[in-house]
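For reference, the structure discussed in these notes is given below.
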Amino acid sequence: MSETQKTAFVTGITGQDGSYLAELLLEKGYKVHGLIRRSSTFGMERISHLCKEESEDTDQVCLHYGDLTDGLCLRRIISEINPDEVYNLGAQSHVRVSFDMPLETCDVSGLGTARLLEAVRDCQEKSGREIRYYQASTSELYGKVVETPQKETTPFYPRSPYGCAKLFSHWLTINYRESYNMHASSGILFNHESPRRGETFVTRKITRAVGRIKVGLQDKLFMGNIDAMRDWGFAGDYVKAMWMMLQKDTPDDYVIATGEMHSVREFLEIAFGRVGLDYNDYVEIDPRFYRPAEVELLLGDPTKAKTQLGWELEVSFQQLVEMMTDTDVEKAERELAESKRVTSVKLKAA
Ligand code: NDP
Ligand code: GDR
1 MSETQKTAFV TGITGQDGSY LAELLLEKGY KVHGLIRRSS TFGMERISHL CKEESEDTDQ
61 VCLHYGDLTD GLCLRRIISE INPDEVYNLG AQSHVRVSFD MPLETCDVSG LGTARLLEAV
121 RDCQEKSGRE IRYYQASTSE LYGKVVETPQ KETTPFYPRS PYGCAKLFSH WLTINYRESY
181 NMHASSGILF NHESPRRGET FVTRKITRAV GRIKVGLQDK LFMGNIDAMR DWGFAGDYVK
241 AMWMMLQKDT PDDYVIATGE MHSVREFLEI AFGRVGLDYN DYVEIDPRFY RPAEVELLLG
301 DPTKAKTQLG WELEVSFQQL VEMMTDTDVE KAERELAESK RVTSVKLKAA
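Numbering (the UniProt record's numbering), first residue to last: 1 to 350.
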């Protein structure tokens, strides 16, 4: 490892954003450490290409078992690594699920931030070296919108346990910045998607269904509120903004968004249209997917990030939907081929 090589620690590295961020940091020459949870399944599909068995290989990520609910382990890992930058992306990040699991959500996505910030503060005070901290804040802080488009100064009004937990984390990050002079920044990121998006978020749920319907593996798609409107961007573009925030001399908070809003219905239209189908023939509304309190619309104003960070979008909404749909059609084709192979093996064995 070179004298000047920077070290980063990423919580949530197995998630959508964690995987893109790890790739970006490795490209920039960082030594990347990540937090992983023990699981009975593998759970590392998004980052397995970045991990090698040989832990001595400095081009690969180095993984540490731990959990945002375990402050002791966070303290130990941070003091062992003594990183230059910490990215807190770990969270129970599903809004609908947060209504079913409010305590777990608050523990991980709220108190987890307190545990990590304390570990960072402690390490920084002992070593005398600055550790720069990134907090994954969210447009869900705005919830019930009081101003459109939403910018850094728009008042918050969260509408879910997830939003409330993230609001706590957002303010705690600001409080540590002001109380301890820490280089702690929050990115208020609006929805961002990719072919690596979790399959229960609306965009990926749609593109997975389009692929499977196209090849004949699925007949129907059951949806919740398809009139909801979101400002959707590409995750690969958004992780660049996280890194840019930590390269600034002064920490601050930034809205990261496209400045364009589309409905779930429009997403359905484009995704089904991409494979020559009409979504009306396949989609059914199922109240099970409604939320106790809905966030009807979100639209961000990314002017501050554009002017002060020099952040730019590369992937448009249309390109995003097409990219996700094409990838999921290919995935469904592979699933179909695999199911035929298994059937033929079974038949031969019969
Ligand atoms: P994902 O749901 O894809 O990933 C969440 C990550 O958090 C996973 O690595 C997960 O690990 C980890 N995690 C969950 N619980 C714990 C825990 N108890 N301890 C440690 N790690 C845990 O989220 P995204 O990548 O989409 O989002 C990244 C962050 O950005 C999240 O904090 C999210 O709330 C926030 N955000 C996301 C936006 C989006 O549109 N994607 C927009 C704004 C903010 P495991 O794989 O083991 O489950
Ligand atoms: P969101 O994303 O709640 O904005 O949180 P999600 O994709 O889950 O929902 C977006 C909108 O689509 C509506 N919807 C459905 N949603 C899901 N998941 N499933 C459905 O069947 C369905 N039908 C309609 C929802 O009601 C909602 O209005 C995401 C997460 O990544 C958070 O972690 C992040 O902070 C915010 O984006 C910004």
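Every residue, glycine too, gets a C-beta built ideally from N, C-alpha and C.
Between which two residues does the alpha helix (DSSP H) holding residue i run?
{"i": "residue 63", "result": "Segment 62–65 is the beta strand (DSSP E) holding residue 63; no alpha helix (DSSP H) there."}
{"i": "residue 223", "result": "That residue, residue 223, is in no alpha helix (DSSP H); its beta strand (DSSP E) goes 221–223."}
{"i": "residue 147", "result": "Where residue 147 is concerned, there is no enclosing alpha helix (DSSP H), given that its DSSP letter is neither H nor E."}
{"i": "residue 120", "result": "112–127"}
{"i": "residue 337", "result": "317–349"}
{"i": "residue 173", "result": "161–180"}
{"i": "residue 211", "result": "202–214"}
{"i": "residue 273", "result": "264–274"}
Tell me the residue span of the beta strand (DSSP E) that contains residue i.
{"i": "residue 32", "result": "31–36"}
{"i": "residue 134", "result": "132–138"}
{"i": "residue 43", "result": "Run containing residue 43: none; DSSP gives neither H nor E here."}
{"i": "residue 22", "result": "Per DSSP, residue 22 belongs to no beta strand (DSSP E); it is in the alpha helix (DSSP H), 16–27."}
When the Cα atoms are used, what is the spatial distance from residue i to residue j?
{"i": "residue 276", "j": "residue 210", "result": "10 Å"}
{"i": "residue 271", "j": "residue 176", "result": "43 Å"}
{"i": "residue 205", "j": "residue 221", "result": "9 Å"}
{"i": "residue 340", "j": "residue 329", "result": "17 Å"}
{"i": "residue 232", "j": "residue 40", "result": "33 Å"}
{"i": "residue 120", "j": "residue 67", "result": "15 Å"}
{"i": "residue 54", "j": "residue 32", "result": "Because the pLDDT at residue 54 is just 49, under 50, the model does not fix this residue reliably, and the point stays unresolved."}
{"i": "residue 259", "j": "residue 322", "result": "19 Å"}
{"i": "residue 86", "j": "residue 101", "result": "27 Å"}
{"i": "residue 268", "j": "residue 282", "result": "10 Å"}
{"i": "residue 73", "j": "residue 318", "result": "43 Å"}
{"i": "residue 145", "j": "residue 154", "result": "9 Å"}
{"i": "residue 228", "j": "residue 263", "result": "6 Å"}
{"i": "residue 348", "j": "residue 215", "result": "24 Å"}
{"i": "residue 22", "j": "residue 251", "result": "21 Å"}
{"i": "residue 298", "j": "residue 197", "result": "19 Å"}
{"i": "residue 18", "j": "residue 147", "result": "30 Å"}
Spatial neighbours of residue i within its chain, please: CB distance less than 8 Å, with the 5 preceding and 5 following residues excluded, ordered by chain position.
{"i": "residue 152", "result": "188, 253, 254, 255, 304"}
{"i": "residue 284", "result": "220, 221, 222, 223"}
What did DSSP end up calling residue i once you bin it into helix, strand or coil?
{"i": "residue 259", "result": "coil"}
{"i": "residue 371", "result": "Summary: the structure shown does not reach residue 371, with the chain confined to residues 1 through 350, and so no result is reported for it."}
{"i": "residue 85", "result": "strand"}
{"i": "residue 288", "result": "helix"}
{"i": "residue 198", "result": "coil"}
{"i": "residue 189", "result": "strand"}
{"i": "residue 253", "result": "strand"}
{"i": "residue 9", "result": "strand"}
{"i": "residue 229", "result": "strand"}
{"i": "residue 108", "result": "helix"}
{"i": "residue 234", "result": "strand"}
{"i": "residue 305", "result": "helix"}
{"i": "residue 297", "result": "strand"}
{"i": "residue 78", "result": "helix"}
{"i": "residue 4", "result": "coil"}
Between residue i and the rest of its own chain, which residues show a CB-CB distance below 6 Å, the 5 nearest in sequence each way excluded?
{"i": "residue 212", "result": "218, 332"}
{"i": "residue 186", "result": "135, 137, 170, 173, 253"}
{"i": "residue 207", "result": "271, 324, 325, 328"}
{"i": "residue 20", "result": "235, 236, 239"}
Less than 7 Å between C-beta atoms, sequence neighbours within five positions excluded: which residues of the same chain meet that for residue i?
{"i": "residue 338", "result": "none"}
{"i": "residue 140", "result": "95, 158, 160, 162, 163, 166, 295"}
{"i": "residue 114", "result": "172"}
{"i": "residue 128", "result": "none"}
{"i": "residue 75", "result": "119, 122"}
{"i": "residue 98", "result": "92, 105, 160, 161, 162"}
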